[in-house]
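Here this note's numbering is used: the first residue of the sequence shown is 15, the next is one more, and so on. Presented below is the structure to which this report refers.
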Amino acid sequence: MIKKLNSFTILFIVTVVMVILMLITVQRPSDTSDDYSLLFPELYAQLSTVDTLQFKSSQDEFTLYKQGEDWFIKERWDHPADFNLVKRALIDIADAKILERKTDNPEQHVVLGVEGAEDGGSSIQVIMLSGDQQRVGLILGNEREIGRDQGVRRFYVRRAGEDRAWLAEGYLNINPLMLNWIKSEVINIARERIARVNIIQPNGDTAIIINTGTKDKFGTLEMMEKTVFKYEQLGYDIAGTLFQLQMEDVQPVNNFSRGNAEVVTTEFITFDGLKVITKTSFNDGKYYTTFYAEYDQALVKLAPEDIQEFGVLKTAEQVHQEAVTLNEQLQPWVYRFGGFAGTNMMRAKADIVTETGQTIPMPPDLTGMTP
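Structure below.
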């Protein structure tokens, strides 16, 4: 019995040693010299001609294409992609440098995560094209862990169509999910421009928030600076709803139905005459909003001096063109927002202000002190 156990123990140890040796063999350099050449030496000269990016992984498959100076997502109703994100990815791939040569045995690719994206493989595949001509193909594998103080990250990679794997250095943090490439900023109206916000309920009840005469100070029409909001920053937050407003998802307005959901209309009016009208409903636990913009000279109002000095106000011509551009960009779509933005575009007056005479005092805490 002891001899059998010893035999099994020896066999187990031998197996473990063989696995460790295989991992070391796969991950160590094939030669002792480091090669700091670019992974794709000719890509820099070709970047300006690249007009298509094809992504494939076990999580998603999608295509980005360039039209003029902008990028779009083919599988998301041709919605604009995040230009800066695409630009960064192109440059990062062109910047990637080879550090070490690795295995060229396809059977060992899975250890490095460069087996490909087919049949559930863990790799991310990125193909760059100019028209129908493929420029480069990247198979992105596992990241090699290094100390946080080591700087640039390192990944195992392979050029599409080649068996040789490499350890490369660069910021190759390529996101495999299509939704993360969407241009998520819907609109950007500086809070300082906002003179008034009207939130109109389906029954006509309206909550009005206005600038009280000082930058970043807001109140109700009745109480002005004496307004007691549900929380101190609420007026500030509502007025800033359109500042760098980020969406969660988007779809064509013609494909969307609000069903029987009630729609709240909100008017964001600026000192320089821009009115942005949002219509928001709560469908299946999500907030959905459409946008319309217009310039109304009758809404132009003298802004407080500190806002004038801030430099965000526009001329009549600029505001008119701004409204035209916003409608071209936003009217074809319905946007899904998170709870913070969605709630602020639907708030009733009772959800905004507290009547001071009806404020309920908080009970003493366990120490006997009243808050």
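Yeah, the Cβ is synthetic: ideal placement off N, Cα and C, and Gly gets one too. Being a predicted model, the structure only gives us computed values, none of them experimental.
**Message:** Output needed for Lys244: all residues of its chain with C-beta closer than 8 Å, excluding positions within five of it in sequence on either side, in chain order.
**Reply:** So the qualifying residues of the chain are Asp365, Ile366, Val367 and Thr368.
**Asked** Alpha carbon to alpha carbon, what distance is there between Lys70 and Ala174?
**Response** If I take the Cα positions, the gap works out to 12 Å.
**Message:** To the nearest angstrom, how far is the alpha carbon of Gly155 from that of Gln139?
**Reply:** Distance between Gly155 and Gln139, taken at the CA atoms: about 9 Å.
**Item:** Residues of its chain near Asp74, where Cβ-Cβ distance is below 7 Å and the 5 sequence neighbours each way are ignored
**Value:** Pro190, Leu191 and Met192, listed in sequence order.
**Item:** Start and end residues, beta strand (DSSP E) containing Gly151
**Value:** Segment Gln147 to Arg158, the beta strand (DSSP E) holding Gly151.
**Asked** Apart from the five residues on each side of it in sequence, which residues of its chain come closer than 8 Å, Cβ to Cβ, to Phe257?
**Response** Only Asn202, Ile203, Ala204 and Arg205 meet the Cβ criterion.
**Item:** Close beta carbons around Leu235, own chain, < 7 Å, minus the five adjacent residues each side
**Value:** Same-chain partners within the cutoff: Ile222 and Ile224.
**Asked** Under the rule that 16 or more other beta-carbon atoms within 10 Å means buried, what is Tyr302, buried or exposed?
**Response** So Tyr302 ends up on the buried side.
**Message:** With a threshold of 8 Å on Cβ separation, who are the neighbours of Val64 within its own chain once the five nearest residues in sequence on each side are excluded?
**Reply:** The beta carbon of Val64 is closer than 8 Å to those of Lys80, Leu104, Met142, Leu143, Ser144 and Arg149 in its chain, skipping five residues each way along the sequence.
**Complete runs of the alpha helix (DSSP H) confined to the region 195-273 [at least 4 residues]** = Counting only runs of 4 or more residues that sit fully inside the region 195-273, the alpha helix (DSSP H) segments are 248-253, in chain order.
**Item:** Residue span of the beta strand (DSSP E) that contains Tyr301, given as start and end
**Value:** Annotation for Tyr301: the continuous beta strand (DSSP E) segment containing it runs Lys300 to Tyr309.
**Prompt:** Does the Cβ-Cβ distance between Val100 and Arg207 come in under 7 Å?
**Reply:** Judged by beta-carbon spacing, Arg207 lies beyond the 7 Å limit of Val100, meaning their Cβ atoms are not closer than that value.
**Message:** DSSP has Gln345 in a bridge; who is on the other side?
**Reply:** Paired residue(s): none; Gln345 is not in a bridge.
**Item:** Proximal residues to Asp106 (C-beta, below 7 Å), its chain only, five neighbours per side dropped
**Value:** Cβ neighbours of Asp106 within its own chain (closer than 7 Å, five residues either side excluded): Gly184, Tyr185 and Leu186.
**Request:** Spatial neighbours of Lys240 within its chain, please: CB distance less than 8 Å, with the 5 preceding and 5 following residues excluded, ordered by chain position.
**Result:** Hits under 8 Å: Gly233.
**Item:** DSSP-derived helix/strand/coil call for Pro190
**Value:** It is coil, neither helix nor strand.
**Leu61 - DSSP class collapsed to helix/strand/coil** = Reduced to three states, the DSSP call for Leu61 is helix.
**Item:** Beta-bridge pairing of Pro94 - partner residues as DSSP gives them
**Value:** Bridge partners of Pro94: Phe86.
**Asked** Are the CB atoms of Thr294 and Ile214 nearer to each other than 7 Å?
**Response** It is not a contact, given that the beta carbons lie outside the stated cut-off.
**Through-space distance from Arg172 to Thr117, alpha-carbon basis** = Using only the alpha carbons, I get a separation of about 10 Å.
**Prompt:** CB Glu308 to CB Asn212, shorter than 7 Å?
**Reply:** Not a contact, by the Cβ cut-off of 7 Å.
**Prompt:** Nearest to Asp92 by alpha carbon, out of Tyr306, Lys197, Trp180 and Phe285?
**Reply:** The shortest C-alpha separation from Asp92 is found at Lys197.
**Asked** Tell me which same chain residues have a C-beta within less than 7 Å of the C-beta of Phe351, skipping the five on either side of it?
**Response** The answer, listed in chain order, is Met261, Glu262, Tyr301 and Thr303.
**Same chain, Cβ closer than 7 Å to Gly273, five either side skipped, listed in chain order** = Asn297, listed in sequence order.
**Beta-carbon proximity list for Asp109, same chain, < 6 Å, skipping 5 on both sides** = Cβ within range, chain order: Gly184.
**Residue range of the beta strand (DSSP E) that includes Leu327** = No beta strand (DSSP E) holds Leu327; DSSP gives it neither H nor E.
**Request:** For the alpha helix (DSSP H) containing Leu126, list its first residue and its last residue.
**Result:** Residue range His123 to Leu126 is occupied by the alpha helix (DSSP H) that includes Leu126.
**Request:** Go to Phe54, then tell me how far its alpha helix (DSSP H) extends in each direction, as first and last residue.
**Result:** That residue, Phe54, is in no alpha helix (DSSP H); it is neither H nor E in DSSP.
**Message:** For the beta strand (DSSP E) containing Asn297, name the first residue and the last one.
**Reply:** Start and end: Leu288 to Asn297.
**Request:** Classify Gly287 as buried or exposed, calling it buried when 16 or more other Cβ atoms lie within 10 Å of its own Cβ.
**Result:** Counting Cβ neighbours within 10 Å, Gly287 comes out buried, since at least 16 surround it.
**Asked** Where does Phe354 sit, in a helix, a strand or coil, going by DSSP?
**Response** Phe354 sits in a helix when the DSSP states are folded into three classes.
**Request:** Under 8 Å by Cβ, that's how I've got Tyr58 and Gly127 pegged, so tell me the actual separation to the nearest angstrom.
**Result:** The Cβ separation is near 26 Å, so there is no contact.
**Message:** Taking a contact to mean a Cβ-Cβ separation below 7 Å, would you say Met359 touches Thr284 in this structure?
**Reply:** Result no, Cβ atoms of Met359 and Thr284 do not sit closer than 7 Å.
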